[in-house]
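Mind the numbering: the sequence shown is residues 0 to 286 in numbering that gives the first Met the number 0, read in order. All C-beta atoms in this analysis are idealised placements derived from N, C-alpha and C, irrespective of residue type, glycine included. What you are looking at is a predicted structure, and each value in this text was computed from that prediction instead of being measured. These notes are about the structure you will find just below.
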Amino acid sequence: MTAQLIDGKQIAEHCRLQVQQQAVAMLQQTGVSPHLAAILCGDDPASQVYVRNKEKACAKAGLRSTLHRLPADVTQQQLQQLIAALNSNPDVHGILVQLPLPRHLDTVAILDAVTPLKDVDAFHPENVGLMLQGRPRFLPCTPAGVMRLLSASGIPTAGRHAVVIGRSDIVGKPMAALLLQKGADATVTVCHSRTPDIAALCRQADIVIAAVGIPNFVHGDWLKPDAVVIDVGINRLGDKLVGDVDFDAAVGHVAAITPVPGGVGPMTIAMLLENTLTAARLQTTRP
Ligand code: GUN
């Protein structure tokens with residue numbers, strides 16, 4: 000049996016069309032067009048690609064975006080000044096600081112400086128707290144994209160055992176929180192670098208979510224035949240992009256799997272578009 004391929008590109012396209020329709024309606028009703036400000040510090044090649052893809056997606060969805068490029072040696076103060084200016088600019092609805100930042104910068108202080116109402120990445124502690132309490136303002140883009148992939152593919156989570164591999168602030172931790180929340184109702188295990196036998200835990204999983212950033216970390220024989228596998232990894236291996244799961248070994252015997260590329264990646268961007276629309280709504284009072 001070959002697994003169902005979960006087509007993130009197609010599901011993301013559907014989300015984008017919905018954002019586009021809602022942005023048109025918003026413009027007609029309020030005269031406001033959602034506007035995302037993205038900040039890119041330095042010239043990390045992967046970050047440049049990600050930011051370009053986010054700009055392209057905004058344009059396709061009819062959202063405005065502005066890219067603020069800063070040199071790799073930008074000071075903490077200069078970056079915080081730019082964020083303060085964007086925070087107080089009523090024409091900017093969403094602010095995204097592309098990570099990773101150059102090492103001399105204090106990432107936590109920078110992310111805390113983004114006003115929570117414009118925090119479309121949902122990285123600010125206020126938004127993390129609201130999400131954990133089950134009353135989200137914005138959902139973090141990659142975990143929200145995974146939840147949407149599951150629901151759009153008709154894959155239930157309630158009562159199922161989800162194993163999340165990775166405990167990053169951006170993916171692993173919020174992913175576990177979303178799977179656990181009321182309505183999603185999964186039983187969640189989170190594995191990390193100090194977990195003794197990740198293979199044994201994966202073998203018990205109905206849903207495996209791999210977010211470790213190590214190519215082919217999850218072996219085919221770690222997966223139950225009826226498992227659903229969501230691969231968040233995007234790793235460069237030679238001239239190929241591969242995920243955290245050994246796709247070729249897994250695809251033959253699991254129930255469903257996301258490809259890399261074309262799985263979670265497009266969904267992260269689609270959720271950013273939704274959050275930008277939400278941010279614009281939060282900041283707009285009907286005339
Ligand atoms: N770098 C890797 N993933 C992300 C993300 O989701 N948001 C931002 N801003 N930077 C990232």
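- Annotation for asparagine 234: the continuous beta strand (DSSP E) segment containing it runs 234 to 236.
- Burial check for methionine 0: the Cβ neighbour count within 10 Å stays below 16, so the residue is exposed.
- The bridge partners DSSP lists for threonine 188 are Val162.
- Assignment of threonine 277 by DSSP, reduced to helix, strand and coil, places it in the helix class.
- Checking the 6 Å criterion, the Cβ of leucine 95 is within range of a heavy atom belonging to the ligand GUN.
- Counting every other CB atom within 10 Å of its CB across the protein chains shown gives lysine 117 a total of 16 or more, marking it as buried.
- Proximity of the segment 143 to 154 to the segment 6 to 16 meets the contact definition, three or more beta-carbon pairs being nearer than 8 Å.
- Using a Cβ distance threshold of 7 Å, valine 263 and valine 244 do not count as a contacting pair.
- Between arginine 63 and leucine 39, the gap from beta carbon to beta carbon reaches 7 Å or more.
- Aspartate 118 has its Cβ no nearer than 6 Å to any heavy atom of the ligand GUN.
- About 6 Å separates the CB atoms of isoleucine 109 and leucine 100; that is less than 8 Å, so the two are in contact.
- Around the beta-carbon of asparagine 274, 16 or more other beta-carbon atoms lie within 10 Å, marking it buried.
- As summarised for the segment 96 to 171, the continuous alpha helix (DSSP H) elements at least 4 residues long and confined to that stretch are 106 to 112, 124 to 131, 140 to 151, given in chain order.
- Listed in chain order, the non-local C-beta contacts of threonine 188 below 6 Å within the same chain comprise Val162, Leu200, local neighbours out to five positions each way being set aside.
- For the pair alanine 255 and aspartate 90, the Cα-to-Cα distance works out to about 42 Å.
- Looking from the CA of serine 192, the closest CA among Gly212, His34, Leu177 belongs to Gly212.
- Taking the Cβ atoms as the reference, alanine 210 lies roughly 4 Å from glycine 165, within the contact range of under 8 Å.
- Within 10 angstroms of the beta-carbon of arginine 51 lie fewer than 16 other beta-carbons, which makes it exposed.
- Around proline 260, the same chain offers Leu240 as residues with beta carbons nearer than 6 Å, after the five sequence neighbours per side are excluded.
- The C-beta of threonine 74 has fewer than 16 other C-beta atoms within 10 Å across all chains shown, which makes the residue exposed.
- Between alanine 56 and isoleucine 268, the C-beta gap is smaller than 7 Å, which places the two residues in contact.
- Annotation for isoleucine 38: the continuous beta strand (DSSP E) segment containing it runs 34 to 40.
- If you ignore the 5 residues before and after histidine 123, its C-beta comes within less than 7 Å of the C-beta of Leu110, Asp111, Val113, Pro115, all in its own chain and listed in chain order.
- It is roughly 30 Å from the alpha-carbon of serine 167 to the alpha-carbon of leucine 16.
- Straight through space, the alpha carbons of alanine 226 and proline 173 are spaced by roughly 21 Å.
- CA-CA distance, proline 135 to arginine 280, rounds to 15 Å.
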